[in-house]
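Colleague:
Residue numbers (our numbering): -11 to 458.
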């Protein structure tokens, strides 16, 4: 006959739960007498009852009687899988000691006691079993919590990795498509990364660039380097470098900004500020600057310098009659022919309108200037080819000499201009050197013009008619 379940409860805080697997009542009663009241004791007489109890509650220690050990080690091992955190203790007789040792070696039980049992020995083992069981449960809970934390961390790490990959892909996409050249260099100047713009600017693809020497010292200040433009012509890039980190190592981030158009615009602006837009000759500003420098050189070398002031005769009539397009074309051809007639060390400039100047340096006497003026007059006696025929443009030339006629720029220009107007009024004169008499002549002329204007204002003129007989 199968013994009924026995559930004995002893006050204990917290009570240790002990399950006794034993089918002999007298053995069970003997065990009760040895157990202190602090334990909560449940009993079972079969393995199936043990499984039912394990599904209903948590058991700290299972005590197996000697007779129940005979159910088989394999069955005990299978049952133990249902309570991995429970401590299993086998009560063995001396003749069955081999079975207990075998079960312990196979980890079917955690401990065994050999009968006859002492109360102190049994209670001590049960206390230790309860503590071990609860430590196992606590460890299991901690492991479960750690596993959950690990899973959450893995999820967060995977999310961060994915976000990082997305950010890196976006960054690389932006960097690669950036119009500026972007390079990463190590501390030795080896190229670690180059975007498409840098590949184009340096004229080499990614495989050729990575690992190669950049070849240019990296400075913290801006610098300009020569680059290759998409049309295979050379351009200018502004290089800027900053210190950074790349894959945990010190590196330099190098930016290459194509400033070719900007530099060309600057050069064009400087050229327009100092050159005539129609003829590309130096303008009044640049000519004046060069004249100042020439006077300093002439002073140091004890040589002479000459200014030729040139004006095209009848240009206004040509411009008004044939139009500005023809007039501009004539000025361009005149400027080109004049520039070809001088030395590389001389300067030809357009002062405005149809007025030009020539600066001659390194002269010893006036004969050199006179020979050059005659050369010009001969040169300009040849007609200019126009779209609808030919035009003649004979110039009037006035000349002033440094230091003979003046000691500064303004006076030289003024006196060359005065000589030019004298030559213009006197057609028989091919060119005219400045002289002091021109000042007297000009003053007399200005005085006469002033008197005529005042006479007109005062109505001092009297009109006479003279009959002409033919």
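Ideal Cβ placement from N, Cα and C applies to all residues, glycine included.
Output the distance between the C-alpha atoms of residue 23 and residue 69, rounded to the nearest integer angstrom.
Modeller: Against the chain shown, residue 23 aligns to sequence position 35. Against the chain shown, residue 69 aligns to sequence position 81. For residue 23 and residue 69, the distance between alpha carbons rounds to 27 Å.
Colleague: Are there 16 or more other CB atoms within 10 angstroms of the CB of residue 268, so buried, or fewer, so exposed?
Modeller: Translated into the one-based positions of the chain shown, residue 268 becomes position 280. Looking at its Cβ environment, which holds fewer than 16 other Cβ atoms inside 10 Å, residue 268 is exposed.
Colleague: Per DSSP, which residues does residue 238 bridge with? Please list them.
Modeller: By 1-based counting over the chain shown, the position of residue 238 is 250. Note: residue 238 sits in a beta bridge opposite 233.
Colleague: For residue 369, which residues does DSSP report across the bridge?
Modeller: Here residue 369 refers to the residue found at position 381 of the chain shown. Answer is none; residue 369 lacks a bridge partner.
Colleague: What separation, rounded to the nearest whole angstrom, lies between the Cα atoms of residue 241 and residue 374?
Modeller: As a working note, residue 241 is residue 253 in the chain shown. As a working note, residue 374 is residue 386 in the chain shown. Each residue's Cα considered, the two are about 59 Å apart.
Colleague: Excluding the 5 residues preceding and the 5 following residue 44 in the sequence, name in chain order all residues of the same chain whose CB lies nearer than 8 Å to its CB.
Modeller: Stepping through the chain shown from its first residue, residue 44 is reached at position 56. Closer than 8 Å at Cβ, skipping near neighbours: no residue.
Colleague: If we ignore side chains and look at the alpha-carbon of each, how far apart do residue 423 and residue 407 end up?
Modeller: Your numbering for residue 423 matches position 435 in the chain shown. Your numbering for residue 407 matches position 419 in the chain shown. Rounded to whole angstroms, residue 423 to residue 407 spans 8 Å at the Cα level.
Colleague: By how many angstroms is the C-alpha of residue 48 removed from the C-alpha of residue 21?
Modeller: On the chain shown, position 33 is the one that residue 21 refers to. On the chain shown, position 60 is the one that residue 48 refers to. Approximately 20 Å between the Cα atoms of the pair.
Colleague: So who's on the other strand from residue 384, going by DSSP bridges?
Modeller: Position 396 of the chain shown, counted from the first residue, corresponds to residue 384. BP columns for residue 384 point to 299.
Colleague: Answer yes or no: do residue 40 and residue 6 have a C-beta to C-beta separation smaller than 9 Å?
Modeller: Residue 40 sits at position 52 when you count from the first residue of the chain shown. Residue 6 sits at position 18 when you count from the first residue of the chain shown. Not a contact, by the Cβ cut-off of 9 Å.
Colleague: Count the other C-beta atoms from every protein chain shown that fall within 10 angstroms of the C-beta of residue 380, then say buried if there are 16 or more, exposed otherwise.
Modeller: On the chain shown, residue 380 is found 392 positions in, with the first residue counted as 1. Its Cβ having fewer than 16 others within 10 Å, residue 380 is exposed.
Colleague: On the three-state DSSP scale, how would you describe residue 390?
Modeller: The count along the chain shown starts at 1 and reaches residue 390 at position 402. Correct three-state label for residue 390: strand.
Colleague: Given this structure, state the Cα-to-Cα distance separating residue 164 from residue 238, to the nearest angstrom.
Modeller: Taking the chain shown and counting its residues from 1, the one referred to as residue 164 is at position 176. Taking the chain shown and counting its residues from 1, the one referred to as residue 238 is at position 250. Distance between the alpha carbons of residue 164 and residue 238: 22 Å.
Colleague: Kindly indicate which residue of 354, 304, 8 has the alpha-carbon position closest to the one of residue 32.
Modeller: Translated into positions along the chain shown, residue 32 becomes position 44. When only C-alpha atoms are compared, the closest one is 8.
Colleague: Mark residue 232 as exposed unless 16 or more other C-beta atoms lie within 10 angstroms of its C-beta, in which case mark it buried.
Modeller: Sequence index remark: in the chain shown, residue 232 carries index 244 (1-based). Residue 232 is exposed by the Cβ-count criterion.
Colleague: Of the residues 388, 382, 402, which one's Cα is nearest the Cα of residue 418?
Modeller: Position 430 of the chain shown, counting from 1, holds the residue named residue 418. When only C-alpha atoms are compared, the closest one is 382.
Colleague: Just verifying my parser: in three-state terms, what is the DSSP assignment at residue 213?
Modeller: Stepping through the chain shown from its first residue, residue 213 is reached at position 225. In the structure shown, residue 213 sits in a strand (DSSP, three-state: E or B).
Colleague: CA-CA distance, residue 113 and residue 126?
Modeller: Taking the first residue of the chain shown as position 1, residue 113 is located at position 125. Taking the first residue of the chain shown as position 1, residue 126 is located at position 138. Going by the C-alpha atoms only, they are around 20 Å apart.
Colleague: Using the C-alpha atoms, what's the distance from residue 183 back to residue 193?
Modeller: Position 205 of the chain shown, counted from the start, is the residue given in the question as residue 193. Position 195 of the chain shown, counted from the start, is the residue given in the question as residue 183. Their backbone Cα atoms lie some 9 Å apart in a straight line.
Colleague: With DSSP as the reference, please indicate the residues paired to residue 27 in a beta bridge.
Modeller: Taking the chain shown and counting its residues from 1, the one referred to as residue 27 is at position 39. The partner list for residue 27 (beta bridge, DSSP) reads 4.
Colleague: Which same chain residues, not among the five before or five after residue 280, have their C-beta less than 7 Å away from its C-beta?
Modeller: Against the chain shown, residue 280 aligns to sequence position 292. So the list reads 397, once near-sequence residues are dropped.
Colleague: Pick out whichever of 199, 376, 388 has its Cα sitting closest to the Cα of residue 283.
Modeller: Residue 283 sits at position 295 when you count from the first residue of the chain shown. The residue with the shortest Cα to Cα distance from residue 283 is 388.
Colleague: Does DSSP classify residue 290 as helix, strand or coil?
Modeller: Counting from one through the chain shown, the residue named residue 290 turns up at place 302. The answer is coil: DSSP assigns residue 290 none of H, G, I, E or B.
Colleague: Using alpha carbons as the reference points, say which of 243, 306, 235, 247 lies closest to residue 501.
Modeller: Outside the shown range of the chain, which is -11 to 458, sits residue 501, and nothing can be said about it.
Colleague: Would you mind reading off the limits of the alpha helix (DSSP H) that contains residue 40?
Modeller: By 1-based counting over the chain shown, the position of residue 40 is 52. Run containing residue 40: 35 to 44, per the alpha helix (DSSP H) assignment.
Colleague: Below 6 Å CB to CB, which residues in the same chain sit around residue 215 once its five sequence neighbours on both sides are set aside?
Modeller: Here residue 215 corresponds to residue number 227 of the chain shown, with the count starting at 1. Around residue 215: 189, 223, 225.
Colleague: Can you say whether residue 187 is buried or exposed, counting buried as having 16 or more other CB atoms within 10 angstroms of its CB?
Modeller: Looking up residue 187 in the chain shown gives position 199. Label assigned to residue 187: buried.
Colleague: So, at 6 Å on beta carbons, what are the nonlocal neighbours of residue 119 in its own chain, with the 5 sequence-adjacent residues on each side left out?
Modeller: For the purposes of this step, residue 119 is taken as the residue at position 131 of the chain shown. There are no such residues.
Colleague: Would you tell me roughly how many angstroms separate the C-alpha atoms of residue 410 and residue 451, rounded to the nearest one?
Modeller: Sequence index remark: in the chain shown, residue 410 carries index 422 (1-based). Sequence index remark: in the chain shown, residue 451 carries index 463 (1-based). Their backbone Cα atoms lie some 31 Å apart in a straight line.
Colleague: Starting from residue 314 and walking both ways along the alpha helix (DSSP H), at which residues does that stretch end?
Modeller: Within the chain shown, residue 314 is the residue found at index 326, counting from 1. Its alpha helix (DSSP H) spans residues 312 to 329.
Colleague: Does DSSP put residue 67 in a helix, a strand or coil?
Modeller: Within the chain shown, residue 67 is the residue found at index 79, counting from 1. Reduced to three states, the DSSP call for residue 67 is helix.
Colleague: Just mark residue 171 as buried or exposed, buried being the case when its beta carbon has 16 or more other beta carbons within 10 Å.
Modeller: Residue mapping note: residue 171 aligns to position 183 of the chain shown, counting from 1. So residue 171 ends up on the buried side.
Colleague: Helix or strand or just coil, what does DSSP make of residue -10?
Modeller: Here residue -10 refers to the residue found at position 2 of the chain shown. At residue -10, the pLDDT of 40 sits below 50, so the modelled position is not reliable and the matter cannot be decided from this model.
Colleague: Determine the burial state of residue 244: buried for a count of at least 16 other Cβ atoms within 10 Å of its Cβ, exposed for fewer.
Modeller: Locating residue 244 in the chain shown gives position 256, counting from the first residue. Answer is buried; the Cβ neighbour count reaches 16.
Colleague: Cα-Cα, which of 227, 198, 195, 298 is closest to residue 412?
Modeller: Locating residue 412 in the chain shown gives position 424, counting from the first residue. Comparing Cα positions, the closest option is 298.
Colleague: CA-CA distance, residue 235 and residue 135?
Modeller: For this step, residue 235 is matched to residue 247 along the chain shown. For this step, residue 135 is matched to residue 147 along the chain shown. Looking at the two C-alpha atoms, the distance is approximately 31 Å.
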